[in-house]
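Chains as they are written, first to last, in our numbering: chain A, 9 to 364; chain B, 112 to 1094. For every residue, glycine included, the Cβ atom is placed at its ideal position computed from N, Cα and C. The structure appears right after this line, and notes come after that.
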Amino acid sequence: MCRFLIYKGKEPMTLSNLLTKPAHSIINQSYDSRLRIDAQPVNGDGFGVGYYTLDDDQESGDSSSSSSSKDNSPCLYKAITPAWNNLNLQRISEKTRSKLIFAHVRASTYGVLSETNCHPFTYKNIMFMHNGGISNFNKIKLRLINFIDEEYFLQIKGSTDSECCFALLLHCLKQNGFDPDSGDVCDLTVLRESLVDTIQHIKNWVKEVSNDPSLLNFAVTDGENIVVSRYVTSKTDEAASLYFSTGSSFVEFAPGRFKMERMNKSQNLVMVASEPLTFERNDWISVPTNSCISIRNLNVLLHPIVDEYYSKDPVQPRSNQFASSKGMLGSYPAADDQYNNAVPPLEREGRAVRAS
Amino acid sequence: MAWSSASMSKSHSTSSTPTSNLSPPTHNAELSSFNYHHEFSVSNSNLTKDHSSQFKKSLLHKWNYKHSILCMVASPRRKLLFCGTQESSILVLDLVTFQKKFEIPTHVGSVLCLHLSDCENILFSGGSDSLVKVWKIKDTQSRHNSRSSYSESQPTESTYDSFIQLIPTHTIYSLLDIGDIFSITWIDAIQSVFIGAQNASMSFVHLDTEINGSADEHLQFMPSNRFDKFFDSEKTKKSFSKSSSPLSFTETVPPETGSAQPSYTALHQHVKVIQIPTENITSYAHNGYLYALDFITIENPLTSTFANNIAENYQHVIVSAGGDGEIKLWGYSNENNGNLVFLRSLSHPKIDSIFSLAVSQSSLTVYAGSSNGNVCIWDLATFQLLKNFQIDPNDVYTLAVSPSTNGNYPQWLLMGTEFGITKMILSKSTVQVDMELENNDTGTCVRVTKNDPCLTLLTFAVNNESYLVSAGSDKTISLWSLHSMSNTCITCSDSLSLDNKLLTSGDSSVSGEKYENLSTYLTNEKFLQILGELITFRTVSKQPDTYKEECRKCANFLTLLFKSFGASKTQMFPVPNGNSIVHAIFKANSKKVENPGETPRILWYGHYDVIPASNSTWKTPPFTMTPNNGYIYGRGVTDNKGPLLVAIFAIAELHSRGELESDFIFVIEGEEEAGSWGFQNSVLENQYEISDGGKPIDWILLSNSYWLDDKTPALNYGLRGRIEIELVVWSDKPDRHSGVDGGVVIEPSMDLVKLLGKLVYRDQIMIPGFEEIYKRNKNEGVEGLKENLQYLEDWEIPLYQEIAQRVTDLDINELIRKWRLPSLSLHKIEMSGPDNGSVISQKAEAKLSIRIIPGQELENVKESFIEYVNECFKRLESTNHVEVKIMHEAEPWLGDVHNLAYQTLSTCLDEEWGVPPIFVREGGSIPSIRFLEKVFACSAAHIPTGQSSDNAHLNNERVRIVNLLKSKEIIKKAANRLPRAQK
């Protein structure tokens, strides 16, 4: 049961408002095991946060240098300890702000527990993460490796299916005319098409070896544009859950309780997440299965991924059994959920609880 | 003075226009001020870029609300404005009285869009709860059933009370998670509503669809309740064991208790719940949020050039726009129970995201407002992009095309951003942008408001007048007059020709045509505009050195106003060392009047002077009229310029329509706040003139007091009188030192204190003659009487009982003390000598006043007071001297609540307010009432206009606009219904 979360806003957001404070924050999601039907207690196989630093945080000398020498790659923080157990994460997140944040908590599907296997993955300014799993990945891994350029193959440091997908995406970007080494911002259409190409390649290979559906919720950004897919290689199954929320501001109206305020038609912030962060059900809307959501500036675009698994009928029923069996279905938090900032496992281990 | 310089510059600018026609034969300097106030002057015809200061003048009203308004629709027929708020409600505002009519909770979360059917009877609302709700607007009877006994006998209804109800009829939801509803449009001919949503889909629903399933059955599938994605943890495991799809109709999952809105169940008793049929949903109609929807109806394909005829097959074409920056056209065909056929997409690389759309049916033009201030104009005949320009760096949330009004006024495109409103002229037939300004692509864009964030704006026309409403994230709603904002020569020459006629026709033999013009001119809007002008005169009578000139200008203004309104006679009577009295007569001119000599003659008394006001202590500039939340603020709006202008307009309206059935005489003074200085002499001197040649006056009317509270209409029948006294005690010796002379002299200050001590004992005034009042012999022994009721006459008791019943939070005993008992107040004691702790003053002086009640004779009280003080002083055996100076006096007044005037007025108030008035008195004094009664040998009646919270004489003086408007109707009725007095 991986969970990911994406924030993009006009104003920088403090990480803790996304990661720790909200009742159903991504860290709370990581230990709230009640929804898991695979009966594993927690999602504790590491976590990662990637964010682009604010311009004024960088050294002033940088501004005069050319764009190629400017380091616009994101800052990455990964750890293999369970997210709720990581006091460093809590400390850092309270003091770190960014306009574009990727966060991921991991339950391993492929690959061992290691920092190199934690999401997000980065290459220059490109950042990527995955929620889901590729069925029978071992059977297609070699095909994938053989398909991609060597330079991207050499980037693979870990052993996960997700990282291979990232290498494939980089390859597709290059094929579509964008050089990932340039450090530039990619055209949104190219970014979206490359992500769809990545999905199509994987889908085609997987189809040949197995009928088991693969869950391909990918998120990619170049530091400016974001594309997130919600995709399943099946016409009858539901994809891993994906929600988004847009508005003018994300306000904490009671301790731990946030809501999205909508004051006008344009957006000041966009959040995309495997699971809603708040109780306000009207604030969250699910991304349709087999489609991708693109964020250009702060404008949300929705595109269907049309292939053999696309169903034209928007209400064609899909079963959520597969996704939920993989722990990939997000739940909507109920208002009576008793969350608090005192993270239970800490107490269980007899350690001091962070004062809220 | 800022004002006079403004009038100077204005009079210069009028020099290019035919001002000579404007001036009556006796030209004086004041006329130019009148011109200024009426904005006769033609302002510069060259449009500049920033007209925001000028535009402020055309603000008709402003409301403050506790939340942002996200969307609005206007109903010109009912003169109502419906606003969707950020906090789940629809707010209904009355555009005539500017009152909030009501507010009803509707959606959960924000109300994001509203749409009103062309017939103005069906309202649609869409919210962030993914629901579309349909409301029937129902007009209801204004009279309460409980008052049937009153209503049956009364043929006429109040002019300003309309009652409506919003009755929910349908709730529309989608099984899909469509997110926020951003846009709705309704095509009456096919009874279908089209819905644009956050998930980029467009759906439509026929309202006459047959409904399957009960409301309760639907409830569980509604976005807030349905199982779909929203299972909670408790039910999860159970639910997962089931294999059936959550979308199937057969599965029943009980809706979550507690989190669902309980109101749904109640609402659903009569509400039809419609699930959008799957085949009516177009997924990915756009690739972004579907922000805007509109439609074009092609009445006759043969005469329409729409879309180069590709759309001939479709009578209705839907226009949609969204976050993907595209405008799409969809043909609606009736086949298969209706379906949408994609026709054409319009896009431009520069356009990122489109937030707003306006479609001009007649010119086949689409205006689209998009991100970063881009606006583009498309021609629907050729699909050409006609124009693309940027108004400012902010997103264009909203735009509207002003209504075309018979070609009299130019048509505007109005665009709203976070920065304010910008207008652009559209020529009449085709969109042709005037490029006269050097600024590359902005054309004739003119910024009309600045730093006035605008989320939503709309234009509408009522009676051929067009208006603009805008609302923003600053939680305000502003109503503007579009005509006064379109400062072109056309507007000015129009008003010139009309006002010209008004000014020059001073004689009584006016043509019928003129009546017609004047009666259309006398609108409520004009009333507020002229009141605004009247307020700008700083007519502070207590500071003659500074403001005498302002008072002169105001008197002139009123005189000219009477002339232009058709008064048969109007003049000013000078007051030595004071402000002039304005006098005017309107003669009965109704055809119903058979014997002109026998018509009732009514005298209206008012005043144009005001109490001082300072900018620093007011929230708004005191001498500028500021409208807000149904009130207007400004010095004099309630005391007395507002009620005075109400009376003038009431009579002018009747007279202009040839419906005045009485002779109506105005006597307006400028010294009321300074104790009506010189009024009596001047009236006595001009008594013959005032009464139109010595003819008898039947009634005196005035409106110079307030209701007891904020909701109970009242008539006033009594005022106390007032004597202002200075009591001086002095010694023949100079100021002395207490260390040197203390103990050897009788000190004047001590004498004064002893005298003062004799005046009042406990709560009674000790002056001889007053003891009569305190004799507790009336009504003694009547059971249930409270302490002070004994002071009342028998006929008064029911009046007080009525007050006690209808006005809460009121101590009747206190009222009786204020209204029915005299009072003596000590205002100030002054002593001579330097201000230190060892002076024995040579002179001590006290300022006192006594309020006396009807029944007490002013002269007797004065005499008695002087005598009593002298006697008390004699008993002190002092070596000092005493003197009593009467500084000012006002007679008490008591009206006869049972006379014909009060009976008639009571009926008029009852009709207008829907409840009979209560009868009140006031503790204060108006010197001129009793005086006028005596001089003209008739009875007065006093009609309060404002509410108790009006802050008359205080900071932030205000009056509720509906009180002014209703008061005008009351006076109109009274002027025609008051009979001749039986003398």
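task = Inspect the CB distances between the segment 666 to 681 of chain B and the segment 758 to 778 of chain B and report whether three or more fall short of 8 angstroms.
result = yes
ask   = Got a sec: which bits of the segment 208 to 219 of chain B sit with their beta carbon under 7 angstroms from any beta carbon on chain A, in order along the chain?
value = Val219
task = Note down, in chain order, each residue of its chain lying with its Cβ closer than 6 angstroms to the Cβ of B/Ile776, except the 5 sequence neighbours on either side.
result = Ile696, Leu714
ask   = Within 8 angstroms (strictly less), CB to CB, does B/Gly290 reach chain A?
value = yes
query = Between which two residues does the beta strand (DSSP E) harbouring A/Lys211 extend?
reply = A/Lys211 -> not in any beta strand (DSSP E); alpha helix (DSSP H) instead, spanning 196 to 217.
ask   = Can you check whether the CB of B/Ile180 is closer than 8 angstroms to the CB of B/Thr567?
value = yes
ask   = Does the segment 743 to 753 of chain B come within contact of the segment 1066 to 1075 of chain B, defined as at least 3 CB pairs closer than 8 angstroms?
value = yes
key: Distance, A/Gln275 Cα to A/Tyr15 Cα   = 12 angstroms
query = Nearest chain A C-beta to B/Ile392 closer than 8 angstroms, yes or no?
reply = yes
inquiry  = Quick check on B/Leu569 - is its C-beta less than 8 angstroms from some C-beta in chain A?
reply    = no
task = Could you give the DSSP three-state label for A/Pro128: helix, strand or coil?
result = coil
query = From what residue to what residue does the alpha helix (DSSP H) around B/Asp229 run?
reply = Looking at the DSSP string, B/Asp229 is not in any alpha helix (DSSP H), and its letter there is neither H nor E.
inquiry  = Run through chain B and tell me which residues come within less than 7 angstroms of A/Met271, C-beta to C-beta.
reply    = Ser179, Gln197, Ser584
task = Would you tell me roughly how many angstroms separate the C-alpha atoms of A/Cys10 and A/Ser237, rounded to the nearest one?
result = 15 angstroms
query = Using a beta-carbon distance cut-off of less than 8 angstroms, what residues from the segment 306 to 318 of chain B approach chain A?
reply = Gln309, Asn310, Ala311, Ser312
Anticipated Cβ contact below 8 angstroms, B/Phe734 with B/Ile641, distance rounded = About 15 angstroms; that fails the 8 angstroms criterion.
inquiry  = With DSSP as the reference, identify every bridge partner of B/Arg873, one or two as the case may be.
reply    = In DSSP, B/Arg873 forms no bridge with anything.
key: Rounded separation between B/Ile278 and B/Ser200 - CA only   = 14 angstroms
request  = Starting from A/Asn36, find everything on chain B with Cβ-Cβ shorter than 9 angstroms and list it in chain order.
outcome  = Simply none; closest approach about 13 angstroms.
ask   = Would the segment 288 to 296 of chain A and the segment 18 to 27 of chain A be scored as touching if the rule is three or more Cβ pairs under 8 angstroms?
value = no
inquiry  = Quick check: the Cα distance between B/Gly1006 and B/Ser949, rounded to an integer number of angstroms?
reply    = 53 angstroms
ask   = Within the 8 angstroms Cβ cut-off, does A/His311 reach chain C?
value = In the displayed structure, chain C is absent; the protein chains listed are A and B.
query = Buried or exposed: which applies to B/Ala300, given that a residue is buried once 16 or more other Cβ atoms fall within 10 Å of its Cβ?
reply = exposed
inquiry  = Looking at B/Trp930: is its Cβ nearer than 8 angstroms to the Cβ of B/Gly1034?
reply    = yes
ask   = Are the CB atoms of B/Ser577 and B/Thr509 nearer to each other than 8 angstroms?
value = no
request  = Would you check if the distance between the CB atom of B/Val507 and the CB atom of B/Gly480 is smaller than 8 angstroms?
outcome  = yes
message = With H, G and I counted as helix, E and B as strand and the rest as coil, what does DSSP make of B/Lys340?
response = Reliability of the predicted coordinates at B/Lys340 is poor, the pLDDT of 37 falling under 50, and the value obtained from them is presented with this limitation in mind. The answer is helix: DSSP assigns B/Lys340 an H, G or I state.
request  = Measure from the C-beta of A/Lys16 to each C-beta in chain B and report whether the shortest distance is under 8 angstroms.
outcome  = no
key: Reference B/Glu783; option with closest CA among B/Val704, B/Ser236, B/Thr650, B/His766   = B/Thr650
inquiry  = Tell me the rounded alpha-carbon separation between B/Lys498 and B/Ile488.
reply    = 5 angstroms
task = Hey, could you find the ends of the alpha helix (DSSP H) B/Thr647 is sitting in?
result = 635 to 647
inquiry  = Please tell me whether B/Pro514 and B/Ala582 are closer than 8 angstroms, where the distance is taken between their beta carbons.
reply    = no
Coil, strand or helix - B/Thr728 by DSSP = coil
task = List in chain order: all unbroken beta strand (DSSP E) runs of 3+ residues lying wholly within the segment 679 to 731 of chain B.
result = 680 to 684, 692 to 697, 712 to 718
query = Do B/Gly880 and B/Asn971 have their C-beta atoms within less than 8 angstroms of each other?
reply = yes
task = Could you tell me if B/Asn391 is buried or exposed, where buried requires 16 or more neighbouring beta carbons within 10 angstroms of its beta carbon?
result = buried
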